[in-house]
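Colleague:
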Amino acid sequence: MKTTLRLLSLVFGFVLAGLSLTSCVTTSASKGAHSIKTPYAAPKTYKTYAWFQTAPVAQPSFEKGYSASLDQNVVRAIEEELEKRGYRKASQNPDVLVAYDVSVSMAEETDKAAQPRPGFGYSYGYMAGYRYSYGHADMPGYRSVDLFKEGTLIIDLINPKSNMLLWRGWAEGGITNFKAGYGKVQGVVTDVMGSL
1 MKTTLRLLSL
11 VFGFVLAGLS
21 LTSCVTTSAS
31 KGAHSIKTPY
41 AAPKTYKTYA
51 WFQTAPVAQP
61 SFEKGYSASL
71 DQNVVRAIEE
81 ELEKRGYRKA
91 SQNPDVLVAY
101 DVSVSMAEET
111 DKAAQPRPGF
121 GYSYGYMAGY
131 RYSYGHADMP
141 GYRSVDLFKE
151 GTLIIDLINP
161 KSNMLLWRGW
171 AEGGITNFKA
181 GYGKVQGVVT
191 DVMGSL
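Next up, the structure:
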């Protein structure tokens, strides 16, 4: 009888421990933020940054309810979050370059690499391929922008010397309202950069 009670007590303890771990994972995952990095990336050692692209690739074209302020809100939120983490903006020789994208769904006829949509610099994703010309060969679990759910905010850190992706953070469907105000955008950016 004592052995049975001890065994039941032990099993019950394992079940409770398992439930506790599960609830921690669920809580963390409920924010919807994830990140991946190359084996040699060291985000905590980087001190300076610059934007991968400082000017729009073309005149902004607002479709599907986009607001001109979304780009400004995302850039501002990323810069503020980087500053909180000890990074400072550099005009020369930054440790990392920063880019972001928001995944969108597009009609098939506009989903052609030969006909890229006009858009912001570091802004909304082309479904035909990533607008930025940096590599991702050493990035485990990499997937292109077109494989993310619509409204996913993606933030990338790139090595300026090798032009290779070092770290990527994202929130699946984090920005479903493309006219989102700064408060909403800031919350999503903070979640995405939480593991940086």
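Numbered according to my numbering, the sequence shown terminates at residue 196, and the numbering increases by one at each position without gaps. Glycine included, C-beta positions come from ideal geometry on N, C-alpha and C.
Which of the three DSSP states, helix, strand or coil, is assigned to Ser69?
Modeller: helix
Colleague: Looking at the secondary structure, which residues open and close the alpha helix (DSSP H) in which Thr188 lies?
Modeller: In the sequence as presented, Thr is not what sits at residue 188; that position holds Val. From DSSP, the alpha helix (DSSP H) with Val188 extends over 182 to 192.
Colleague: Within 10 angstroms of the Cβ of Thr45, are there 16 or more other Cβ atoms? Answer buried if so, exposed if not.
Modeller: exposed
Colleague: So, using beta-carbon positions, are Val96 and Asn163 closer together than 9 Å?
Modeller: no
Colleague: Does Thr48 come out as helix, strand or coil in the three-state DSSP assignment?
Modeller: strand
Colleague: Per DSSP, what are the beta-bridge partners of Met223 in this structure?
Modeller: Coverage of the chain is limited to positions 1 through 196, which leaves residue 223 absent and any answer about it impossible.
Colleague: What three-state label does DSSP hand Ala77 in the structure shown?
Modeller: helix
Colleague: Taking contact to mean at least 3 C-beta pairs separated by less than 8 Å, is the stretch 163 to 175 in contact with the stretch 36 to 52?
Modeller: Taking a cut-off of 8 Å on C-beta distances, the stretch 163 to 175 touches the stretch 36 to 52, as three or more cross pairs fall below it.
Colleague: Leaving out five residues before and five after Gly187 in sequence, what residues of the same chain have Cβ atoms less than 8 Å from its Cβ?
Modeller: none
Colleague: Where does Gly129 sit, in a helix, a strand or coil, going by DSSP?
Modeller: Its pLDDT being 37, under 50, Gly129 is placed unreliably by the model, and the measurement read from it follows with that caveat. The answer is coil: DSSP assigns Gly129 none of H, G, I, E or B.
Colleague: What is the residue span of the beta strand (DSSP E) that Ala90 lies within?
Modeller: Secondary structure note for Ala90: it is in no beta strand (DSSP E), with a DSSP letter that is neither H nor E.
Colleague: Between Lys184, Glu80, Ile154, which lies nearest to Val102 when the distance is taken from Cα to Cα?
Modeller: Ile154
Colleague: When DSSP labels each residue in this structure, what does Val104 get in the three-state scheme?
Modeller: coil
Colleague: For Thr152, is the classification buried or exposed, using 16 other Cβ atoms within 10 angstroms of its Cβ as the cut-off for buried?
Modeller: By the 10 Å Cβ count, Thr152 comes out buried.
Colleague: How many whole angstroms separate the CB atoms of Val98 and Leu147, which I take to be in contact at a CB cut-off of 8 Å?
Modeller: Actually they do not touch by this definition, with Cβ atoms about 21 Å apart.
Colleague: Among Thr190, Gly194, Leu196, which one has its Cα closest to the Cα of Asn73?
Modeller: Nearest of Thr190, Gly194, Leu196 to Asn73, Cα basis: Thr190.
Colleague: Looking at the structure shown, is Leu153 part of a helix, part of a strand, or coil, going by DSSP?
Modeller: strand
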